[in-house]
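To start, the structure itself, in structure tokens.
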Amino acid sequence: MSTLLKIRDIRLEGRSDEQWNPIINGVDLTLQKGEVLGLIGESGAGKSTLGLAAMGFTRDGVRISSGTVEFDGIDLVKASAAVKRGLLGKRIAYVAQSAAASFNPAHRIIDQQVEGPVQHGTMKRPEAEETGMELYRKLRLPDPDNIGFRYPHQVSGGQLQRAMTAMAMSCRPDLIIFDEPTTALDVTTQIEVLASIREIVDEYDTAAIYITHDLAVVAQMADQIKVLLKGDEVETADTRTMLAAPTQEYTKSLWAVRSFERPAKPSVIGGAVPVVSVRNVDASYGTVPVLHDVSFDIHEGRTVAVVGESGSGKSTTARCITGLLPPKAGEIAFDGQVLPADYRKRDKGQLRQAQMIYQMADTALNPRMSIGNIIARPVQFYTGLTGKELRARVDSLLDQIELEPSQYFNRLPSELSGGQKQRIGIARALAAEPKFIICDEVTSALDQLVAEGILRLLAKLQDELKLSYMFITHDLATVRAISDEVVVMKDGRVVEQGEKQAMFTPPHHAYTDLLLSSVPEMDPDWLTNLLQERGVDNIGDAAVDKM
Amino acid sequence: MSALMWIVLILIGIAAGGWLLRWAGQKATSNAPVFRDMPYGVAFGYVLGAAILVAGVFFYFKPTVNDAGTAVAGVVFFRWAVQGLLLSMLLAIGFKQFGKYVGTAGTRKLFRSMPLTASFGILIIIIYVIMAVFAPIIAPYGQEEVLASANVIPGGNPAMGGDPAYPLGTDQIGRDVLSRLIYGARNTVGIAFATTVLAFLLGATFGFLAATLGGWLDQFLSRAVDVLMAIPSLIFALLLMTIATVWAAEWGIPLTIFMVVIIAVIDSTRVYRLARAVGQNIVVMDYIEAAKLRGEGLGYLIFKEILPNATAPLLAEFGLRFCFVFLTIAALSFLGVGIQPPLADWGTMVKESASFISFAQFAPTAALPPLLAAGAIALLTVAVNFVVDWMLHKSSGLKE
Numbered sequence: 228m229s230t231l232l233k234i235r236d237i238r239l240e241g242r243s244d245e246q247w248n249p250i251i252n253g254v255d256l257t258l259q260k261g262e263v264l265g266l267i268g269e270s271g272a273g274k275s276t277l278g279l280a281a282m283g284f285t286r287d288g289v290r291i292s293s294g295t296v297e298f299d300g301i302d303l304v305k306a307s308a309a310v311k312r313g314l315l316g317k318r319i320a321y322v323a324q325s326a327a328a329s330f331n332p333a334h335r336i337i338d339q340q341v342e343g344p345v346q347h348g349t350m351k352r353p354e355a356e357e358t359g360m361e362l363y364r365k366l367r368l369p370d371p372d373n374i375g376f377r378y379p380h381q382v383s384g385g386q387l388q389r390a391m392t393a394m395a396m397s398c399r400p401d402l403i404i405f406d407e408p409t410t411a412l413d414v415t416t417q418i419e420v421l422a423s424i425r426e427i428v429d430e431y432d433t434a435a436i437y438i439t440h441d442l443a444v445v446a447q448m449a450d451q452i453k454v455l456l457k458g459d460e461v462e463t464a465d466t467r468t469m470l471a472a473p474t475q476e477y478t479k480s481l482w483a484v485r486s487f488e489r490p491a492k493p494s495v496i497g498g499a500v501p502v503v504s505v506r507n508v509d510a511s512y513g514t515v516p517v518l519h520d521v522s523f524d525i526h527e528g529r530t531v532a533v534v535g536e537s538g539s540g541k542s543t544t545a546r547c548i549t550g551l552l553p554p555k556a557g558e559i560a561f562d563g564q565v566l567p568a569d570y571r572k573r574d575k576g577q578l579r580q581a582q583m584i585y586q587m588a589d590t591a592l593n594p595r596m597s598i599g600n601i602i603a604r605p606v607q608f609y610t611g612l613t614g615k616e617l618r619a620r621v622d623s624l625l626d627q628i629e630l631e632p633s634q635y636f637n638r639l640p641s642e643l644s645g646g647q648k649q650r651i652g653i654a655r656a657l658a659a660e661p662k663f664i665i666c667d668e669v670t671s672a673l674d675q676l677v678a679e680g681i682l683r684l685l686a687k688l689q690d691e692l693k694l695s696y697m698f699i700t701h702d703l704a705t706v707r708a709i710s711d712e713v714v715v716m717k718d719g720r721v722v723e724q725g726e727k728q729a730m731f732t733p734p735h736h737a738y739t740d741l742l743l744s745s746v747p748e749m750d751p752d753w754l755t756n757l758l759q760e761r762g763v764d765n766i767g768d769a770a771v772d773k774m
Numbered sequence: 024m025s026a027l028m029w030i031v032l033i034l035i036g037i038a039a040g041g042w043l044l045r046w047a048g049q050k051a052t053s054n055a056p057v058f059r060d061m062p063y064g065v066a067f068g069y070v071l072g073a074a075i076l077v078a079g080v081f082f083y084f085k086p087t088v089n090d091a092g093t094a095v096a097g098v099v100f101f102r103w104a105v106q107g108l109l110l111s112m113l114l115a116i117g118f119k120q121f122g123k124y125v126g127t128a129g130t131r132k133l134f135r136s137m138p139l140t141a142s143f144g145i146l147i148i149i150i151y152v153i154m155a156v157f158a159p160i161i162a163p164y165g166q167e168e169v170l171a172s173a174n175v176i177p178g179g180n181p182a183m184g185g186d187p188a189y190p191l192g193t194d195q196i197g198r199d200v201l202s203r204l205i206y207g208a209r210n211t212v213g214i215a216f217a218t219t220v221l222a223f224l225l226g227a228t229f230g231f232l233a234a235t236l237g238g239w240l241d242q243f244l245s246r247a248v249d250v251l252m253a254i255p256s257l258i259f260a261l262l263l264m265t266i267a268t269v270w271a272a273e274w275g276i277p278l279t280i281f282m283v284v285i286i287a288v289i290d291s292t293r294v295y296r297l298a299r300a301v302g303q304n305i306v307v308m309d310y311i312e313a314a315k316l317r318g319e320g321l322g323y324l325i326f327k328e329i330l331p332n333a334t335a336p337l338l339a340e341f342g343l344r345f346c347f348v349f350l351t352i353a354a355l356s357f358l359g360v361g362i363q364p365p366l367a368d369w370g371t372m373v374k375e376s377a378s379f380i381s382f383a384q385f386a387p388t389a390a391l392p393p394l395l396a397a398g399a400i401a402l403l404t405v406a407v408n409f410v411v412d413w414m415l416h417k418s419s420g421l422k423e
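Listed in order, the protein sequences are those of chains A and B.
Adding 227 to a residue's 1-based position in the first sequence gives its number in the numbering used here.
Adding 23 to a residue's 1-based position in the second sequence gives its number in the numbering used here.
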């Protein structure tokens with residue numbers, strides 16, 4: 228094996244506040260031909276910046292201050308624009324996180340596929356199209372001969388991500404940088420993309436840098452793993468060694484996150500009145516039906532996890548409960564009392580009982596309002612407190628979410644980290660003193676360590692305040708960690724529901740089984756075993772379609 | 024040789040110069056990235072720019088008086104323009120330096136990061152505001168005061184037909200041009216400001232209402248605005264002003280008030296469109312949903328949740344809209360239906376002295392009267408746009 232990429236003591240700086248601040252502080256990286264390196268770390272660790280620097284490229288406002296990036300003997304830091312133009316796209320390619328945002332919506336997929344080889348002069352257009360279709364076939368895209376002639380919005384997210392991989396492969400590069408290619412996908416879609424990527428990287432003997440924050444994913448893909456923390460390398464080791472015996476504290480803490488699991492509470496006593504009860508709800512957007520006969524109960528002090536892929540109707544159910552989308556049929560009852568279907572017809576007391584925490588804390592907090600005001604408003608609105616009493620209440624809420632009141636009261640949301648913003652979202656929900664909170668994918672935009680903190684906080688609050696949660700998620704690890712009961716949804720229907728223990732022990736409904744088996748595990752052989760067991764055509768969306 | 028041949032030759036020379044510059048740069052700096060990665064177009068641009076600069080300097084130092092003893096108007100105006108630009112640059116630099124060391128920590132930081140154009144714009148706006156507020160104190164004469172001599176040429180040089188008592192000369196009926204320019208700031212700018220504020224009150228309120236409530240109200244308002252926007256705005260304003268002239272006489276209300284309302288309504292349609300579009304992007308945010316689910320009323324939603332998040336684009340639009348309103352008023356005054364004499368107004372001043380421009384060829388100073396008022400309008404428009412560009416840039420991202 229020969230060395231393909233050699234990064235030595237690279238330092239990158241980003242410009243903010245009128246000065247250059249370090250992003251990467253001297254990291255080394257060596258990649259052999261055909262080897263896959265996993266790059267993991269929390270957001271802000273500099274993974275993507277390092278990944279781009281491996282191409283000799285920096286985003287606007289970022290610069291390489293020192294160090295070398297040697298690709299096949301060429302130093303990309305010093306190379307001229309012309310030399311880089313010859314390499315990028317042809318010998319080094321890049322696959323971005325969001326394929327939907329990275330494809331040009333105005334051109335067909337095949338047009339973008341052939342651009343690389345045609346521009347670099349390695350192929351004529353008809354030949355490039357042939358190659359593209361062959362790649363589509365290898366990546367197991369449906370109808371490979373024609374899918375290229377669709378526009379990006381006409382194919383699904385997982386297919387687009389594979390089309391992007393095909394695009395990167397079009398010139399048969401020696402190195403591909405994958406920047407979180409499956410983070411935005413559902414588990415069942417993710418597994419297909421992972422399998423395709425791994426297969427094609429193997430077959431073409433391409434070296435790759437695989438950037439992700441999901442350990443289980445990187446365990447399937449990488450030959451060696453490098454852990455980054457705030458621009459410094461924590462440790463690098465062979466995948467199996469790293470998983471079996473991490474040496475650094477930080478790495479161990481990352482590994483430990485997945486072990487958080489609170490014991491399930493005892494079953495509900497028969498005859499107890501549920502806090503929230505969804506009864507035979509049908510709903511539709513316009514004329515398109517989205518929910519069919521959805522029913523479940525949520526009892527006091529318990530967490531009901533609603534799981535399913537995107538589009539399965541989880542969030543729509545939440546919208547029906549809050550009254551944002553009045554159901555076509557069926558009813559929502561609170562403490563046994565039926566609520567008006569439309570939130571505008573509910574009174575303050577009814578509105579107050581059900582609160583919501585959103586997935587994207589960025590859009591859930593008014594960016595122009597201080598933290599203090601964001602929390603004070605519902606307190607004032609529902610309880611009428613003013614002046615010192617109001618301030619005292621807000622302070623105690625901030626204490627409850629474990630943020631120091633004096634320090635955070637006057638800050639704006641933009642001055643907080645993702646996890647802190649999510650905590651503010653929780654405090655705002657608590658401010659109304661509700662009995663029931665809907666948590667809509669509250670941890671899916673967060674790093675694992677931070678997400679764990681949020682889950683622990685929610686669990687603590689539930690014990691203290693006897694709250695009931697409806698926990699919408701597609702992440703089964705989260706379900707295992709926090710739920711008491713599980714509702715599995717597919718295509719707007721509840722396919723299975725029951726106590727957590729029962730749900731996680733076989734036999735399952737076929738769909739539940741598929742969901743469970745699609746969650747990547749830390750075992751590096753997991754994907755290989757699964758593929759052997761089921762065959763490539765029986766995983767992911769392909770399997771869902773067969774149901 | 025014909026002029027065309029010369030142009031072709033010069034272009035070929037510049038093209039060769041560009042290639043030479045890059046080559047020499049690469050040799051001299053032993054292939055530094057600046058020269059190595061320089062596209063040919065950029066090198067060509069550098070040489071072209073240098074050539075234009077040389078031509079400018081050469082033209083600037085040509086004699087202003089020809090052999091026959093008459094002024095060469097082109098050179099004179101060119102000199103004035105260059106001097107004006109240099110003066111503006113010095114003022115801007117001076118003002119920026121001043122702002123860097125005086126004021127609170129916040130403003131000092133603002134001035135440090137501010138481009139020169141923005142500091143120039145702010146300086147000009149401040150000067151205009153001072154002129155408008157303190158017009159009676161600053162102006163040497165009253166705006167309606169008819170003085171002894173009419174048609175005094177600007178410059179204050181008796182040999183050229185000027186008078187030191189009236190540095191910018193007097194108009195046809197003997198009113199001091201400098202005083203009228205200063206009072207014009209008060210009338211034109213003040214009325215434009217009031218009009219813009221009214222346009223924003225109307226447009227933003229209805230725009231946010233349409234965005235928040237949607238449904239039939241949105242349809243009704245939007246279609247009404249479409250109808251108003253379908254009519255060319257200046258023609259529409261002219262038409263309405265003509266009607267208003269009759270009403271003003273009948274009811275004894277000053278025509279200016281009608282003008283403010285008419286222009287405000289016409290311009291509020293543009294504000295409405297912006298406020299609605301910005302509002303629609305904000306109402307889909309989760310924090311609005313959270314507020315709605317809390318049971319908040321419409322007033323809270325609009326003023327506390329939507330408005331603070333829409334200020335940046337609205338403020339930027341305010342600057343632009345102010346310029347348009349200002350130009351509309353000047354245009355209406357120029358056409359004779361705007362601000363009525365004897366009130367001083369820049370649009371009217373341009374109209375009254377427009378014919379002087381034809382003297383430019385013989386006596387550049389005699390052509391100044393219309394240029395002064397037009398220049399005052401142009402300067403403010405440019406200044407406001409500089410500031411608006413800067414605010415847009417600041418609000419469009421790169422925020423800390």
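Note that the Cβ used here is the ideal one computed from N, Cα and C, for glycine as well.
The structure displayed is predicted, hence computed values, not measured ones.
Through-space distance from residue j to residue i, alpha-carbon basis
i: residue 143/B; j: residue 513/A; result: 54 Å
i: residue 233/B; j: residue 589/A; result: 25 Å
i: residue 212/A; j: residue 271/A; result: A question about residue 212/A goes unanswered here, because the residues of chain A that appear run from 228 up to 774.
i: residue 526/A; j: residue 455/A; result: 43 Å
i: residue 377/A; j: residue 711/A; result: 44 Å
i: residue 56/B; j: residue 330/A; result: 31 Å
i: residue 656/A; j: residue 496/A; result: 28 Å
i: residue 426/A; j: residue 387/A; result: 17 Å
i: residue 391/B; j: residue 191/B; result: 9 Å
i: residue 681/A; j: residue 237/A; result: 34 Å
i: residue 539/A; j: residue 241/A; result: 41 Å
i: residue 93/B; j: residue 198/B; result: 29 Å
i: residue 339/B; j: residue 411/B; result: 5 Å
In DSSP terms, what residue i is bridged to
i: residue 267/A; result: 439/A, 454/A
Contact check, residue i vs residue j, beta carbons under 7 Å
i: residue 395/A; j: residue 258/A; result: no
i: residue 173/B; j: residue 195/B; result: yes
i: residue 438/A; j: residue 419/A; result: no
i: residue 175/B; j: residue 193/B; result: yes
i: residue 721/A; j: residue 713/A; result: no
i: residue 651/A; j: residue 545/A; result: no
i: residue 359/B; j: residue 370/B; result: no
Selection from the options that minimises the alpha carbon distance to residue i
i: residue 393/A; options: 380/A, 307/A, 410/A, 374/A; result: 374/A
i: residue 552/A; options: 332/B, 361/B, 316/B; result: 316/B
i: residue 267/B; options: 280/B, 256/B, 43/B, 257/B; result: 280/B
i: residue 202/B; options: 177/B, 218/B, 224/B; result: 177/B
i: residue 508/A; options: 517/A, 316/A, 470/A; result: 517/A
i: residue 729/A; options: 747/A, 748/A, 717/A, 707/A; result: 707/A
- Item | Any alpha helix (DSSP H) of 4 or more consecutive residues that is wholly inside the region 86–170 of chain B | Listed in chain order, they are 96–124, 128–136, 139–156, 158–161.
- Which runs of the alpha helix (DSSP H) fall wholly inside the region 610–680 of chain A and span at least 4 residues, in chain order? Runs found: 614–627, 632–635, 645–658.
- Message: To test your reading of the DSSP string, which unbroken alpha helix (DSSP H) runs of 4 or more residues are found completely within the region 728–760 of chain A?
- Response: Whole alpha helix (DSSP H) segments, 4+ residues: 737–745.
- Quick one: complete alpha helix (DSSP H) runs, 4+ long, within the region 282–362 of chain B? Segments of the alpha helix (DSSP H) lying fully in the region 282–362 of chain B: 309–317, 330–358.
- Message: Along the region 559–591 of chain A, where does the CB come closer than 7 Å to a CB of chain C? Name the residues.
- Response: Given the protein chain composition of this structure (A and B), no chain C is represented.
- Message: Going residue by residue through the region 280–368 of chain A, where are the continuous beta strand (DSSP E) segments of at least 3 residues, counting only ones entirely within it?
- Response: Within the region 280–368 of chain A, the complete beta strand (DSSP E) runs of at least 3 residues are 289–298, 319–322.
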